[in-house]
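Peer 1: Taking the numbering used here, the leading residue of the sequence shown gets 4, the next gets one more, and so forth. Heads up, the beta-carbon is just placed ideally off N, CA and C, and yes, glycines get one too. Okay, handing you the structure first.
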Amino acid sequence: MDMYQKREARQKKKMETSTDDKSAQGKNINWFPGHMTKALRMIDDQAKLVDGFIYVLDGRAPYSSLNPEFFKRIKDKPFLYVINKCDMANDVITNKWKAYFQEKGVRVITLDSTKSNSSRAVYVEVLKMMSEKLERFKLKGVNKSVRLMILGIPNCGKSTLINNFVGKKRAVTGDRPGVTRGKQWLTVDDKIELLDTPGTLYPSFNNQAIAKNVAFIGSINDSILDIEGLALDLIKKLQEINPAIIGDRYNTERGLEPLEIYEAICKKRGFILRGNEMDYTRAAKAIIDDYRKGKLGKITLEMPDTNYVRL
Ligand SMILES: Nc1nc2c(ncn2[C@@H]2O[C@H](COP(=O)(O)OP(=O)(O)OP(=O)(O)O)[C@@H](O)[C@H]2O)c(=O)[nH]1
Ligand SMILES: [Mg+2]
């Protein structure tokens, strides 16, 4: 066997064993690098100084983008959920999530923070949320603004939301997790100051279904992931949601098993290596990238009644 055949055999074996498992990921997903420990420490320090929080969630997986570490810092200060990236999520399910949070008595806004001026709705809600504090400043005759910290897992759009607020590209953004490092204060106007923070996860995922959702939406560094396993898991997930998603995009036949779909995509897209071997890695990147870029449609990965939801 040449090196390509060996690689093919290895990958095929990995795929075949993984279809029997619940997960195609060889090992559990966990991503908690040193910079996140540092970031959580910074969040700890600053949380004592701020008046409230804007908690950004990814609309494609609102529950999975909750970080249990954040509530320890928010304590009883006011906060507002921003369900972001709604332009890439299923509208009906987004409304269900909004209703779900509202029923819990929590402030919530749905948003596409890439749309200019969309943060206006957040601004109005923040003023409502902080009205007592602002009124107190006014009564005391002090010219002070309220300070809010933006929290969220990596890549959920915190810096993009801040830029939308200030109307300029002041905070660095990027299509990968871990872009913001350190803290950055930005003044919106004389009433509001915002603190951008680095996206953080938590020391370990005790639920791998959540870990996978976080990986699918691009909030985990791909370099630590088994990308072929993740693609197979994504195919399975999308098939559960609606088999037409994959069929429509890749023109694959109906009724195929996830691994057969994966191979059909390799063939249809010409992801073939020398010796007619399938290029699983290239196909995996293409499938995951298509999902992340919204090319498979507006797809939400979890519903408020997904059985692991225990809020
Ligand atoms: N379609 C869409 N893309 C968005 C939205 N918000 C942010 N993005 C994109 O998502 C990517 C990540 O955005 P950032 O603002 O850098 O995310 P972040 O939460 O600051 O990420 P870290 O700093 O890494 O934690 C960028 O490519 C943004 O353009 C949104 O509402 N809709
Ligand atoms: Mg950022």
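Closer than 7 Å by C-beta to Arg184: which residues in its own chain qualify, once you throw out the five before and the five after it? Chain order, please.
Peer 2: Start at 1 with the first residue of the sequence shown, and residue 184 comes out as number 181. The answer, listed in chain order, is His38, Pro201.
Peer 1: Ile347 bridges to which residues according to DSSP?
Peer 2: Absent from the model: residue 347. The displayed extent of the chain is 4 to 314, so no value can be given.
Peer 1: Closer than 7 Å: is that where the CB of Gly181 sits relative to any heavy atom of ligand 1?
Peer 2: Residue numbering aside, residue 181 sits at position 178 when the sequence shown is read from its first letter. Correct: Gly181 has its Cβ closer than 7 Å to ligand 1.
Peer 1: Leaving out five residues before and five after Thr20 in sequence, what residues of the same chain have Cβ atoms less than 8 Å from its Cβ?
Peer 2: Taking the first residue of the sequence shown as 1, we reach residue 20 at position 17. Because Thr20 carries a pLDDT of 47, less than 50, the predicted location of this residue cannot be relied on, and no value is offered for it.
Peer 1: Going by alpha carbons, who is nearest to Met133 out of Ser119, Thr117, Gly144, Arg110?
Peer 2: The sequence position of residue 133 within the sequence shown is 130, counting from 1. For the residues Ser119, Thr117, Gly144, Arg110, the minimum Cα distance to Met133 belongs to Arg110.
Peer 1: Quick one: what's got a C-beta closer than 7 Å to Ile275's C-beta in the same chain, skipping five residues either side?
Peer 2: Here residue 275 corresponds to residue number 272 of the sequence shown, with the count starting at 1. Cys269, Met281, Asp282, listed in sequence order.
Peer 1: Measuring from the CB of Lys161, is there a heavy atom of ligand 2 at a distance below 7 Å?
Peer 2: Taking the first residue of the sequence shown as position 1, residue 161 is located at position 158. Yes - ligand 2 has a heavy atom lying nearer than 7 Å to the Cβ of Lys161.
Peer 1: When you measure from the CB of Cys157 to every non-hydrogen atom of ligand 1, does any distance come out below 7 Å?
Peer 2: Start at 1 with the first residue of the sequence shown, and residue 157 comes out as number 154. The residue you asked about is not Cys; residue 157 is Pro in the sequence shown. Indeed, a heavy atom of ligand 1 lies less than 7 Å from the Cβ.
Peer 1: Measuring from the CB of Asn87, is there a heavy atom of ligand 1 at a distance below 7 Å?
Peer 2: Translated into positions along the sequence shown, residue 87 becomes position 84. Checking every heavy atom of ligand 1 against the Cβ of Asn87, one is found closer than 7 Å.
Peer 1: Would Leu164 pass as a contact of Ile156 if the rule is Cβ separation under 8 Å?
Peer 2: Along the sequence shown, one-based indexing puts residue 164 at 161. Along the sequence shown, one-based indexing puts residue 156 at 153. It is not a contact, given that the beta carbons lie outside the stated cut-off.
Peer 1: For a test of the three-state rule: what should DSSP assign to Arg150, helix, strand or coil?
Peer 2: Position 147 of the sequence shown, counting from 1, holds the residue named residue 150. Arg150 falls in the strand class under three-state DSSP.
Peer 1: Within 7 Å: the Cβ of Pro201 and any heavy atom of ligand 1?
Peer 2: Here residue 201 is taken as the residue at index 198 of the sequence shown, counted from 1. Indeed, a heavy atom of ligand 1 lies less than 7 Å from the Cβ.
Peer 1: Can we count Thr176 as close to ligand 1, meaning its CB is less than 7 Å from some heavy atom?
Peer 2: Along the sequence shown, read from residue 1 onward, the residue named residue 176 stands at position 173. It does: the Cβ of Thr176 is within 7 Å (strictly closer) of some heavy atom of ligand 1.
Peer 1: Inspect the beta-carbon positions of Arg63 and Ile302 and report whether they are closer than 8 Å.
Peer 2: Indexing the sequence shown from 1 puts residue 63 at position 60. Indexing the sequence shown from 1 puts residue 302 at position 299. Their beta carbons are under 8 Å apart, which means Arg63 touches Ile302 by this criterion.
Peer 1: What are the boundary residues of the alpha helix (DSSP H) that Asp236 is part of?
Peer 2: Here residue 236 is taken as the residue at index 233 of the sequence shown, counted from 1. Unbroken alpha helix (DSSP H) run through Asp236: 230-244.
Peer 1: In this structure, what does DSSP give as the bridge partners for Gly55?
Peer 2: Walking along the sequence shown from the start, residue 55 turns up at place 52. Gly55 is bridged to Leu151.
Peer 1: Can you confirm whether the stretch 37-56 touches the stretch 235-248 when touching is taken to mean that 3 or more C-beta pairs between the two stretches lie within less than 8 Å?
Peer 2: The stretch 235-248 is not in contact with the stretch 37-56.
Peer 1: Hey, could you find the ends of the beta strand (DSSP E) Glu196 is sitting in?
Peer 2: The residue given as residue 196 occupies position 193 in the sequence shown. It spans 195-199 - the beta strand (DSSP E) in which Glu196 sits, taken as one unbroken run.
Peer 1: Starting from Trp316, trace the beta strand (DSSP E) both ways and give me its first and last residue.
Peer 2: Examination of residue 316 is not possible in this model, given that the chain is present from 4 through 314 alone.
Peer 1: Quick check on DSSP: helix, strand or coil for Leu299?
Peer 2: Start at 1 with the first residue of the sequence shown, and residue 299 comes out as number 296. Leu299: coil per DSSP, three-state reduction.
Peer 1: So the candidates are Glu263, Asp193, Lys194, Leu198; which of them puts its Cα closest to the Cα of Ala174?
Peer 2: Numbered from its first residue, the sequence shown carries residue 174 at position 171. It is Leu198.
Peer 1: Assuming Gly250 is part of the alpha helix (DSSP H), what are its boundary residues?
Peer 2: Walking along the sequence shown from the start, residue 250 turns up at place 247. First-last of the alpha helix (DSSP H) with Gly250: 247-253.
Peer 1: Measuring CB to CB, does Ser230 end up less than 8 Å from Ala289?
Peer 2: Counted from its first residue, the sequence shown places residue 230 at position 227. Counted from its first residue, the sequence shown places residue 289 at position 286. First, the residue type needs correcting, since residue 230 is Ile and not Ser in the sequence shown. Taking 8 Å as the Cβ cut-off, Ile230 and Ala289 do not qualify as a contacting pair.
Peer 1: Helix, strand or coil for Ile275? Go by DSSP, reduced to three states.
Peer 2: As a first step, residue 275 must be located in the sequence shown, where it is residue number 272. It is a strand residue.
Peer 1: How should Glu305 be labelled, buried or exposed, when 16 other C-beta atoms within 10 angstroms of its C-beta is the threshold for buried?
Peer 2: Indexing the sequence shown from 1 puts residue 305 at position 302. Buried: at least 16 other Cβ atoms inside 10 Å.
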